[in-house]
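Right, one structure below, let's go through it.
The following block contains the structure:
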């Protein structure tokens, strides 16, 4: 005969087994049972790796904010060099070679040609676009490749470039337009949008707030997904159950990356495969179309 305490233990075990069997479909593989449950499934010949957004994921550091913003095509930078306003095109008048020296003749001989400048000591700056090739075209130095560099790395690159023209250049570089990194928020939200990622980063909570929040009537708050590009044959999907008490704490720690897709599922759709079948075609278009993406391919965004 089983005593009451043992009956309780057996019941708890059976409940745990039942819940686990409901969470995972037969076609899915399971890893990390002790701490973190990862599912792997195949949808339309694409491998989808699903990770719940939970304490384990937060503590792993894989979803933390990048340490520094990385420049890319479309970003706009401003440049100034202390004591050398001639670097700023808008401040040049009679001579574009003011305050520079010729390193071939004498690197210590500085030539002052500031005639025509309203205030040579002023620190002004102009803005420059990083083109599709990753280059910016700057005064004196011409074409400089900056894509893929952090702001500090780009500053070091420009400092070295301007040493050919200015003694000990004190380069000030700022990003004035954040255009190279973006995230897509769609599904059952108040307004689907494409949001820029800035140097302060963007977490999942902020992204949902910026689009007006989740639609309280039509959304399935238990299924909020972040799709992340891995390669043409595989996708990483992160699942947030916003109905849990700790969900929004985890969402604040989950920082989005360039071309992430945030998708809020529709109420009544409980099967993961159905959700992925709806969103994967749009995701592939966004990730792997070289030309600009028309708004029509993004659910909820119209021209």
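Numbering (UniProt numbering), first residue to last: 1 to 303. C-beta: ideal position from N, C-alpha, C; glycine also. In this text the structure is predicted, and so the values were computed from the model without any measurement.
Distance, residue j Cα to residue i Cα
| i | j | result |
| --- | --- | --- |
| residue 84 | residue 166 | 9 Å |
| residue 57 | residue 38 | 11 Å |
| residue 216 | residue 242 | 12 Å |
| residue 196 | residue 246 | 27 Å |
| residue 174 | residue 69 | 11 Å |
| residue 180 | residue 81 | 25 Å |
| residue 271 | residue 154 | 46 Å |
| residue 133 | residue 208 | 32 Å |
| residue 286 | residue 163 | 41 Å |
| residue 289 | residue 130 | 20 Å |
| residue 156 | residue 211 | 37 Å |
| residue 67 | residue 60 | 16 Å |
| residue 79 | residue 169 | 12 Å |
| residue 281 | residue 229 | 13 Å |
| residue 218 | residue 171 | 52 Å |
Option in the options with minimal Cα separation from residue i
| i | options | result |
| --- | --- | --- |
| residue 306 | 141, 181, 65, 231 | No answer is possible for residue 306: it lies beyond the span of the chain, which begins at 1 and ends at 303. |
| residue 198 | 262, 267, 151 | 151 |
| residue 138 | 132, 161, 156 | 161 |
| residue 87 | 158, 259, 206 | 158 |
| residue 41 | 289, 273, 211 | 273 |
| residue 206 | 168, 55, 253 | 253 |
| residue 51 | 129, 223, 65, 170 | 223 |
| residue 221 | 210, 244, 229 | 244 |
Strand pairing of residue i, partner residues [DSSP]
| i | result |
| --- | --- |
| residue 228 | 236 |
| residue 165 | Beta-bridge pairing links residue 165 to no other residue. |
| residue 196 | 182 |
| residue 136 | 144 |
| residue 263 | 186, 225 |
| residue 304 | Lying outside 1 to 303, the shown extent of the chain, residue 304 is not represented and no answer is given. |
| residue 219 | 266 |
Beta-carbon gap between residue i and residue j smaller than 8 Å
| i | j | result |
| --- | --- | --- |
| residue 147 | residue 72 | yes |
| residue 225 | residue 263 | yes |
| residue 75 | residue 177 | yes |
| residue 46 | residue 239 | no |
| residue 43 | residue 248 | no |
| residue 204 | residue 267 | no |
| residue 227 | residue 279 | yes |
| residue 265 | residue 213 | no |
| residue 63 | residue 127 | no |
| residue 255 | residue 201 | yes |
| residue 261 | residue 283 | yes |
| residue 258 | residue 149 | no |
### Query
Are three or more beta carbon pairs between the region 182-196 and the region 234-246 nearer than 8 Å?
Cβ pair count under 8 Å is below three, so no.
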